[in-house]
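The structure appears below as structure tokens.
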Amino acid sequence: MCAFVARYHTMIECKNLSKIYQSGDMQTVALNDVSFSIEKGEFVAIIGPSGSGKSTLMHILGALDSPTKGEYFLDGQEVSKLDDDELSQLRRDKIGFVFQAFNLLPRTTVLRNVMLPLLYSDTTDQQREDRAKACLAYAGMEESKFLNLSNQLSGGQMQRVAIARSLINNPAIILADEPTGNLDTKTSQVVMKAFQELNQKGHTIVLITHEQEIAAFAERVISIRDGIIESDIKNTKK
Amino acid sequence: MIITDILKETSWSLSANKVRSGLTILGIVIGIASVITMVAIGQGAQASIASSIQSIGSNLIIVRPGAQKSGGVSSGAGSSATLTNDDASAIKNEIANIAAVAPEDSKRAQVTAKGTNTNTQIVGTVADYAVVRSIVMESGTFVTENAVKANAKVAVLGATTRDDLFGAGSDPVGKIIRIKNVDFDVIGVTVAKGGSGFTNPDDSIYIPITSSQHFITGNTFVSTISVAASDQSSMADVQNNISDLLLKRHNISDPEQADFSLTNQADIIATASSITGTFTILLSSIAGISLLVGGIGIMNMMLTTVTERTREIGLRKAVGIKKAYINMQFLAEAVALTFFGGFLGVVLGWGASLLVSKLVPSLTTQVSMSSVLLAFGVSTAVGIVFGFYPARRAANLSPMEALRYE
């Protein structure tokens, strides 16, 4: 249910993206004329130190923020011109988020957390539940934990739930923002393996991180510094 | 789909966070219940004081015959004979807002009973006199309408007169007294009232006004007419109307030449209205302070949950839920909490008021609809505003800002 057919075409296309923050007289250039594209089925890590502009880039890719200049196409749709509600719609239909802080609803069952993006959509309760269960199984969550409360889970389990949630609308891309930032090394490896598996099943994944070892799980690494792309390397190991 | 989703989300969110919901509801319950109870106690106290003042007779207007003037020599108020029984009936029949009218024809006289005698005030009057002067019977009955119609030779003794004639604490009902050589049957004794001004109502004998005019005074006139207005606020109107009516009946065009005078217990009225005024201020302050305290409690509860809720709103936005739906859900939550808490608060406040009445029998609390509406209205307004406004603000943040909110 959450898998889709791999078919090569451009998923993300950025043309001359700039983001300038204005506070008083101070201008901060967070992104400076960045252009790149990501094909369907790629596993890309965007890496850079803090202040490099990678978070800004991630916000723009995630339709959480709009660029000051330039164009951004997601799955063929121009994003930079959309209003707030259209952006919400786009996030729901095309983007699955995995956050560093997991961001699960507290005191809420695993199942309900995964169903959250389906709220107010045109689906029955039964459909929502079926899809959530399928995605949880797909993300490697044991069925016995489906009705556990989110705060009773370990960090690794929480991130699996978050991954299942990101898959629920069968998104065009999965955007993971420092997904291992709150996890120990061993759990990080497990979660990254899970992302690799998803990628092998055909999902396009964009990973934001500042750790070289985490970026090594991806097949392509874009490193960014001072708002410009420093390097864009295919990972030859893979 | 959208409506049911919002309702389900609301009920789930409130029941999943039981402590948070419980504390918020508690704040609202306490706020509303305290306003209702405090106002109920205050109004009970006000009513009890008002009725005490009422029993002194603050609604009383006394009509006396005017001074008789002949060639510039005045013989003093009350000396002329200008008021009649018919004047009294006219006042009773033609003027609105009157509770009772009692004409009075009185004279001091020697009274004898078996072997004892005393000199006391003989008051000829009608049944309404008991209402006008707040007379309560210790035993027997007061002068009745029928006794007045029938010129009956019956007498009601004041407590002091009873003591003088028959001995303290005795029950003389059924015995006979003799006033000016006429035998009267004793039909009742009044409860001792204590002195009021120059006349002592306990040292009096009450007989039907017709019998008094027939057997004792020989008058066709009455010495005073006492009028009880139905309430204190209509006193001024009633007094003016009586004056107009009597001027017309006595064919006098110039009010200066009136052959009667009207007096009321102005000082008691002034005291009563100043007490009422003080109480109104007291009640308003109690209600105001309770509302303020309750409102701040509700506001605090609503605002302290904002941090957690802001992250939740950020997450909801990030996964693509539209702002309008987020707003609707939070509005629904605030409405549900405040209405549920408000309902409990009204029930609790009402119960507490009844309990106070039970525990303190002298204080009959009164729950007023206006205090219920005021408490409910203000608390729900505060609850909804402070439940909804921060959520709305959070929903307007960008999802990332909301998610990072500390």
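As you go down the protein sequences, you meet chains A and B in turn. At position 163 of the first sequence (counting the first as 1) the number is 162 in numbering that gives the first Met the number 0, and the numbers step up by one without a gap. At position 375 of the second sequence (counting the first as 1) the number is 374 in numbering that gives the first Met the number 0, and the numbers step up by one without a gap. Yeah, the Cβ is synthetic: ideal placement off N, Cα and C, and Gly gets one too. In this text, all values refer to a predicted model and were calculated from it rather than measured experimentally.
Check, Outcome
"Which residues DSSP lists as bridging Y20 of chain A, in chain order", "A:T27"
"Continuous beta strand (DSSP E) stretch holding K132 of chain A: start and end", "No beta strand (DSSP E) contains K132 of chain A, which is instead part of the alpha helix (DSSP H) from 124-137."
"7 Å Cβ cut-off: residues of chain B touching L16 of chain A", "Correct list: empty, because the minimum Cβ distance to chain B is about 17 Å."
"C-alpha distance - V318 of chain B paired with M298 of chain B, whole-angstrom precision", "29 Å"
"Residue burial classification, P48 of chain A (beta-carbon count within 10 angstroms, cutoff 16)", "exposed"
"Within 8 Å, strictly: CB atoms of V381 of chain B and G294 of chain B", "yes"
"Presumed contact (8 Å Cβ cut-off) between V113 of chain A and L135 of chain A, rounded CB distance", "6 Å"
"Within chain D, the residues that G319 of chain B reaches when beta carbons sit closer than 8 Å", "This model lacks chain D altogether; the protein chains it does include are A and B."
"For R224 of chain A, the residue or residues it bridges with in DSSP", "A:I227"
"Exposure of S273 of chain B, with buried meaning 16 or more beta-carbon neighbours within 10 Å", "exposed"
"Option nearest L115 of chain A by Cα separation, candidates B:A146, B:E400, B:K321", "B:K321"
"Burial state of Y119 of chain A (16 or more Cβ within 10 Å)", "buried"
"Through-space distance from A44 of chain B to K459 of chain B, alpha-carbon basis", "Beyond the ends of chain B as shown, which are 0 and 405, falls residue 459 of chain B; an answer cannot be given."
"Three-way DSSP call (helix, strand, coil) for N263 of chain B in this model", "strand"
"Where E8 of chain B meets chain A, residues with beta-carbon distance less than 7 Å", "L118"
"Helix, strand or coil at R63 of chain B [DSSP, three-state]", "strand"
"Within 8 Å, strictly: CB atoms of S242 of chain B and N96 of chain B", "no"
"Extent of the continuous beta strand (DSSP E) to which E137 of chain B belongs", "136-139"
"Nearest neighbour of A15 of chain B, chosen from A:V28, A:D82, A:M57, A:P105 [CA to CA]", "A:P105"
"Min CB distance S20 of chain B to chain A below 8 Å", "no"
"Rounded Cβ spacing between P102 of chain B and I224 of chain B (contact assumed at less than 8 Å)", "5 Å"
"Cα-Cα separation between G40 of chain A and T27 of chain A, rounded to whole angstroms", "34 Å"
"Whether N326 of chain B touches R391 of chain B by CB criterion (8 Å)", "yes"
"T23 of chain B to S370 of chain B span [Cα, whole Å]", "21 Å"
"Contact set for F338 of chain B: own chain, Cβ-Cβ below 8 Å, skip 5 residues either direction", "T379"
"Expected contact under 8 Å - CB spacing of I288 of chain B and A333 of chain B to nearest Å", "At roughly 24 Å, the Cβ-Cβ gap does not stay under 8 Å, so I288 of chain B and A333 of chain B are not in contact."
"Cβ-based burial, E8 of chain B [other Cβ within 10 Å; buried from 16]", "buried"
"Residue burial classification, R107 of chain B (beta-carbon count within 10 angstroms, cutoff 16)", "exposed"
"Min CB distance E102 of chain A to chain B below 8 Å", "For the sequence presented, residue 102 of chain A should be read as Asn rather than Glu. Interface residue, yes."
"Beta-carbon proximity list for S169 of chain B, same chain, < 8 Å, skipping 5 on both sides", "R161"
"Sequence-distant residues of the same chain with beta carbon closer than 7 Å to T143 of chain B, five excluded per side", "A126"
"8 Å Cβ cutoff, L396 of chain B in contact with chain A", "no"
"Reduced DSSP secondary structure (H/G/I, E/B, other) of A167 of chain B", "coil"
"Chain B contact for K130 of chain A (CB, 8 Å cutoff)", "One point to set straight first is that residue 130 of chain A is Arg, not Lys, in the sequence displayed. Closer than 8 Å: no."
"According to DSSP, residues forming a beta bridge with K144 of chain A", "K144 of chain A pairs with nothing; no bridge assigned."
"Beta bridge counterpart(s) of R177 of chain B as assigned by DSSP", "B:T111, B:D182"
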